[in-house]
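Participant:
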Amino acid sequence: MRPTVAAFPAARFRRVRKSDAMRRLTCEITLTTNDLIWPIFLREGTGVVEPVPSMPDVNRLSVDKAVEAARAAADLGIPAICLFPYTEPSLKTEACEEAWNPDNLSNRATRAIKAAVPDIAVMTDIALDPYNANGHDGIVRNGEVINDESVEALVKMALAQAEAGADILGPSDMMDGRIGAMRTALEAAGHPNVAILSYAAKYASAFYGPFRDAVGASGALKGDKATYQMNAANSNEALRLIERDLLEGADMVMVKPGLPYLDICHRVKSTFGVPTYAYQVSGEYAMQMAAAQNGWVDGDKVMLESLLAFKRAGCDGILTYYAPRVARMLAGG
Ligand code: PBG
């Protein structure tokens, strides 16, 4: 659509900005609590609330505390929570068997949350990095991340998560062919209604640093993830990946990281018109929180402005560590 603009003084844009009432009336985009997915970190134990040093106000929670967090999120109207386990180093192996253990930390948390707070949607992460002695998202052999064998492992992981009661599976591994393999396996195993939110356009990014500390993967990671995550220089490739994952059976798609990739969010939504999400990742959150804690920016305003930007770019929702804080603010608290 080409905007029509009358010549000055017929057009004076400040007329519609002159009061709060006029600004509200001409507002194009709104952010609501329905747009939020809250990522939380899990760890073993009971009664554990352990701060993540590089992510102010973010904690690792034991399962009982994660259930409390899920209840608080549901009470705030947040539709979905996303689980990321911190795995004990002793459980990390080269074959990553803990990833599909029906009783691993993530699956126990999913069961406990679905039993106590059935109304909140539980999203899980599918990638081998928390369980991998190499810190990679796939199986490593002779220094190489092996695609097809990784997909077999990821399918087992997906089935265990669906069995535990996950509503949304989030494959964040970027192996080729995993969405189709998971979709076929889910149908065959009697899980036709489990949704897949594919991390379809996930970039090899330095903005994931604090997350890798939070899940304890930084120490293990050898090398980088450039052979499977995307090159920051590429945009057309993102559209091909999104289309591929949709054709393989993804219900929803994600762009990640968020703010540095808003152009990708916009292209994805305007090209495909499908449910599109962005992940405002740990590094984005850490930078904003650090600046706010130093008094260099207004933390509340920066939070709201950054989340609104995702909506303006066309996203249907945002995975954000700010979820409970912004939900409280939107509720007027
Ligand atoms: C694991 C995974 C990562 C994130 C989500 N799932 C890290 C990575 O790919 O190294 C990052 C989330 C964040 O930084 O907040 N596959």
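Per our numbering, the sequence shown starts with residue 120, numbered consecutively.
Ideal Cβ placement from N, Cα and C applies to all residues, glycine included.
The structure presented is a predicted model; accordingly, all values stated were derived computationally and were not measured.
1) Between Y441, Y396, D332, T395, which lies nearest to Q407 when the distance is taken from Cα to Cα?
2) What's the call for M242, buried or exposed, on a 16-neighbour Cβ count within 10 Å?
3) For M174, name the three-state secondary structure that DSSP assigns.
4) Check whether the Cβ atoms of A109 and A185 lie closer than 7 angstroms to each other.
5) Count the other CB atoms within 10 Å of the CB of C146; is the residue buried (16 or more) or exposed (fewer)?
6) Does the ligand PBG have even one heavy atom less than 6 angstroms from the beta-carbon of K138?
7) How big is the Cα-Cα spacing for L180 and P170?
8) Just mark T480 as buried or exposed, buried being the case when its beta carbon has 16 or more other beta carbons within 10 Å.
9) Pull up the distance between the alpha-carbon of P128 and that of A240, whole angstroms please.
10) For D364, verify whether its CB is less than 6 angstroms away from any heavy atom of the ligand PBG.
11) Counting Cβ pairs closer than 8 angstroms, one from the region 318-332 and one from the region 263-273, do we hit at least three?
12) Return the residue from the list C434, R136, A252 that minimises the CA-CA distance to S209.
13) So what does DSSP say about S337, is it helix, strand or coil?
14) Any idea which residues DSSP pairs Q399 with across the strands?
15) Got a sec, what are the start and stop residues for the alpha helix (DSSP H) K184 sits in?
16) Under 7 angstroms Cβ to Cβ from D248, same chain only, skipping five residues before and after it: list those, please.
17) So, is I148 buried or exposed, given that buried needs 16 or more other C-beta atoms within 10 angstroms?
18) Q280 and L288: beta carbons closer than 7 angstroms?
19) Rounded to whole angstroms, what is the Cα-Cα separation between R444 and G392?
20) Could you check whether E403 and G433 sit closer than 7 angstroms to each other, using their CB atoms as the reference points?
21) Could you tell me which residues DSSP puts in a beta bridge with C201?
22) Is any non-hydrogen atom of the ligand PBG found closer than 6 angstroms to the C-beta of F485, if you look at the structure I gave you?
23) With L423 as the anchor, note down where its alpha helix (DSSP H) starts and where it stops.
24) Here's a check: name, in chain order, each residue in its chain whose Cβ is nearer than 6 angstroms to the Cβ of S173, leaving out the five neighbours to either side.
25) Are the region 351-365 and the region 193-212 in contact at 8 angstroms, needing three or more beta carbon pairs?
26) Taking 6 angstroms as the cut-off, is the C-beta of D248 nearer than that to any heavy atom in the ligand PBG?
27) Determine whether the beta carbon atoms of A369 and Y322 lie at a separation below 7 angstroms.
28) Along the chain, where does the alpha helix (DSSP H) that runs through A314 open and close?
29) Is it the case that the CB of V400 approaches a heavy atom of the ligand SAH more closely than 6 angstroms?
30) Could you check if Y441 belongs to the surroundings of the ligand PBG, using beta carbon to heavy atom distance under 6 angstroms?
31) How is the alpha helix (DSSP H) around I287 delimited, first residue to last?
32) Going by DSSP in three states, K137 sits in which element: helix, strand or coil?
Facilitator: Judging by the given coordinates:
1) Y441
2) A buried status is given to M242, since no fewer than 16 other beta-carbon atoms sit within 10 Å of its beta-carbon.
3) coil
4) Because the chain is modelled from 120 through 452, residue 109 falls outside the range shown and cannot be assessed.
5) exposed
6) Sequence check: residue 138 is Ser here, not Lys. Incorrect: S138 has no Cβ contact closer than 6 angstroms to the ligand PBG.
7) 9 angstroms
8) Since the displayed the chain opens at 120 and closes at 452, residue 480 lies outside it and no answer follows.
9) 52 angstroms
10) no
11) no
12) Looking at the Cα atoms, A252 is the closest of the given residues.
13) coil
14) T439
15) 182-195 is the extent of the alpha helix (DSSP H) around K184.
16) Shown here for D248: same chain residues with a beta carbon closer than 7 angstroms to its own, the five before and five after excluded, namely G254, H255, D256, A336 in chain order.
17) exposed
18) It is a contact, given that the beta carbons lie within the stated cut-off.
19) 29 angstroms
20) Cβ distance not < 7 angstroms, so G433 and E403 don't count as in contact.
21) P158, M242
22) No information on residue 485 is available, as it lies outside the stretch 120 to 452 that the chain covers here.
23) 418-432
24) P329, D332, A405
25) no
26) yes
27) Against a cut-off of 7 angstroms, the Cβ pair of Y322 and A369 comes out as no contact.
28) Premise fails: A314 lies in the beta strand (DSSP E), 314-321, not in any alpha helix (DSSP H).
29) Only the ligand PBG can be found as ligands here, which leaves the ligand SAH out of the picture.
30) no
31) No alpha helix (DSSP H) contains I287, which is instead part of the beta strand (DSSP E) from 287-290.
32) K137 carries a coil assignment under DSSP once its states are collapsed to helix, strand and coil.
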